[in-house]
Amino acid sequence: MKIETSHSVINHPTSFQARVASFWDNTSLVWNEIWGPHIHHGYYSDEKITLSPQENLLEKLIKQLNIFPQQKWLDVGCGMGETAIYLSKHFPLHITGINLSEKQLEIARLRAKEEQLDYVVFKKEDALSLQSFHDETFDIVWSLESCEQFLDKEQFIKQCHRVLKPGGKLLLATWCSEKESYEGKMAKDYLALCQTYCVPYMPTMEYYSQRLALYFDVLFKEDWSIYIKPSWAAGLSKLSQYSYFDLLKFCRIKDLPLIWKVNLMADAFQHGHIRYGVFVAQKKPFQTNI
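Take any residue in the sequence shown, count from 1 to its spot, add 26: that is its number in the working numbering.
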């Protein structure tokens with residue numbers, strides 16, 4: 027058995043978006059219980075900080091960008107809105123968060139209302155079309171651990187180029203495969219991971235670099251795996267404190283096996299089979315849309 031990591035493992039692509047939406051509709055509350063409202067990795071280092079690991083990751087990513095007041099940001103795959111809310115509370119930005127999950131959008135809107143944030147909006151939108159947005163609308167497109175679930179990653183990159191203003195930047199932080207292909211047991215493990223987390227394919231960092239370079243100037247590319255890898259040990263430790271009956275307060279019975287498969291990702295990161303790629307790419311000033 028051999029699997030190319032740049033090829034989709036999804037058998038029914040037409041219904042895939044509905045599967046992704048259902049995945050988050052039915053599991054968000056349990057992920058929130060285990061990870062907290064920021065459903066993404068944390069950044070762990072020897073620095074003495076008061077931030078949570080997830081907030082520390084946000085700060086590390088923010089430092090890769092030049093933030094100015096009143097910038098327009100697009101948060102693609104905004105989850106339950108915590109990243110957009112965190113950014114809006116710390117910077118005077120106009121942020122639009124998009125998502126396929128109605129459950130997550132409901133939570134995000136409620137959180138923004140509670141925080142009385144007037145410049146954060148959340149809407150349902152397909153990341154592969156961004157059809158409700160005009161050309162050259164945004165200064166920043168932010169994609170934090172969302173690109174994994176996109177069926178056509180180059181199409182997403184192309185749409186980011188379209189909606190960004192000249193000189194605008196795309197920040198992309200995503201899971202990447204170590205190799206261009208896997209065989210034998212590694213192929214089976216890769217397939218199980220993709221099927222568990224509704225990931226159609228997980229290409230290498232080099233794949234992303236090449237696709238980004240077709241449309242952007244790639245300003246930053248780095249593997250942050252060493253800093254985010256402890257997230258999985260922390261998650262497994264937290265999960266071990268719950269019984270099946272505890273978790274049923276937050277998800278359906280049919281979702282429990284999925285929740286307990288977090289060890290798949292933990293093992294993949296531990297052995298270096300999955301990498302955490304961070305990219306910043308800039309649309310060239312005065313460049314027309316492709």
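Cβ coordinates follow ideal geometry from the N, Cα and C atoms, glycine included.
Burial state of residue 130 (16 or more Cβ within 10 Å): Numbered from its first residue, the sequence shown carries residue 130 at position 104. Buried, because 16 or more other Cβ atoms sit within 10 Å of the Cβ of residue 130.
Identified DSSP bridge partners for residue 199: Here residue 199 refers to the residue found at position 173 when the sequence shown is read from its first residue. Note: residue 199 sits in a beta bridge opposite 170, 304.
Residue 187 in three-state terms, based on DSSP: As a position in the sequence shown, residue 187 is number 161, starting the count at 1. Residue 187 falls in the helix class under three-state DSSP.
Nearest-angstrom beta carbon gap, residue 225 and residue 262 [assumed within contact, 8 Å]: The residue labelled residue 262 in the question sits at position 236 within the sequence shown. The residue labelled residue 225 in the question sits at position 199 within the sequence shown. Contact doesn't hold; Cβ gap of about 20 Å is too wide.
Beta bridge counterpart(s) of residue 101 as assigned by DSSP: Taking the first residue of the sequence shown as position 1, residue 101 is located at position 75. BP columns for residue 101 point to 123, 168.
CA nearest to the CA of residue 125, picked from 252, 30, 158: Translated into positions along the sequence shown, residue 125 becomes position 99. Selected option, being the one with the closest Cα: 158.
Minimum length 3: unbroken beta strand (DSSP E) runs contained in the segment 44-122: 98-102
As assigned by DSSP and simplified to three states, the class of residue 225: By 1-based counting over the sequence shown, the position of residue 225 is 199. If DSSP states are grouped into helix, strand and coil, residue 225 belongs with coil.
As assigned by DSSP and simplified to three states, the class of residue 298: In the sequence shown, counting from the first residue as 1, residue 298 sits at position 272. Residue 298: coil per DSSP, three-state reduction.
Reduced DSSP secondary structure (H/G/I, E/B, other) of residue 178: Here the question's residue 178 lines up with position 152 in the sequence shown. Three-state result, residue 178: coil.
Residue from 100, 252, 178, 154 with nearest C-alpha to residue 148: Against the sequence shown, residue 148 aligns to sequence position 122. Comparing Cα-Cα distances from residue 148 to each of 100, 252, 178, 154, the minimum goes to 100.
Selection from 44, 280, 245 that minimises the alpha carbon distance to residue 151: Residue 151 sits at position 125 when you count from the first residue of the sequence shown. Taking only the C-alpha atoms, the option nearest residue 151 is 44.
The alpha helix (DSSP H) enclosing residue 251, as first and last residue numbers: One-based indexing of the sequence shown puts residue 251 at position 225. Where residue 251 is concerned, the enclosing alpha helix (DSSP H) stretches over 251-254.
Residue 270 classed as buried or exposed, judged by whether at least 16 other C-beta atoms fall within 10 angstroms: Locating residue 270 in the sequence shown gives position 244, where the first residue counts as 1. Its Cβ having fewer than 16 others within 10 Å, residue 270 is exposed.
Sufficient close CB pairs (3 or more, under 8 Å) joining the segment 251-259 to the segment 56-74: yes
DSSP state of residue 364 mapped onto helix, strand, coil: Examination of residue 364 is not possible in this model, given that the chain is present from 27 through 316 alone.
CA nearest to the CA of residue 52, picked from 194, 173, 106: By one-based count along the sequence shown, residue 52 stands at place 26. Ranking 194, 173, 106 by Cα distance to residue 52 puts 106 first.
Three-state class that DSSP yields for residue 311 in the structure shown: As a position in the sequence shown, residue 311 is number 285, starting the count at 1. In this structure, residue 311 counts as coil in the three-state DSSP scheme.
Integer Cβ distance of residue 234 from residue 305, believed to fall under 8 Å: On the sequence shown, position 208 is the one that residue 234 refers to. On the sequence shown, position 279 is the one that residue 305 refers to. Indeed, because the Cβ distance is near 6 Å, the residues count as touching under 8 Å.
Secondary structure of residue 287, DSSP reduced to three states: The residue you call residue 287 lines up with position 261 of the sequence shown. Residue 287 falls in the coil class under three-state DSSP.
Stretch pair the segment 165-176 + the segment 195-208: three plus CB contacts closer than 8 Å: yes
Reduced DSSP secondary structure (H/G/I, E/B, other) of residue 272: Residue numbering aside, residue 272 sits at position 246 when the sequence shown is read from its first letter. Three-state DSSP puts residue 272 in a helix.
At least 3 beta-carbon pairs within less than 8 Å: the segment 33-49 vs the segment 215-224: yes
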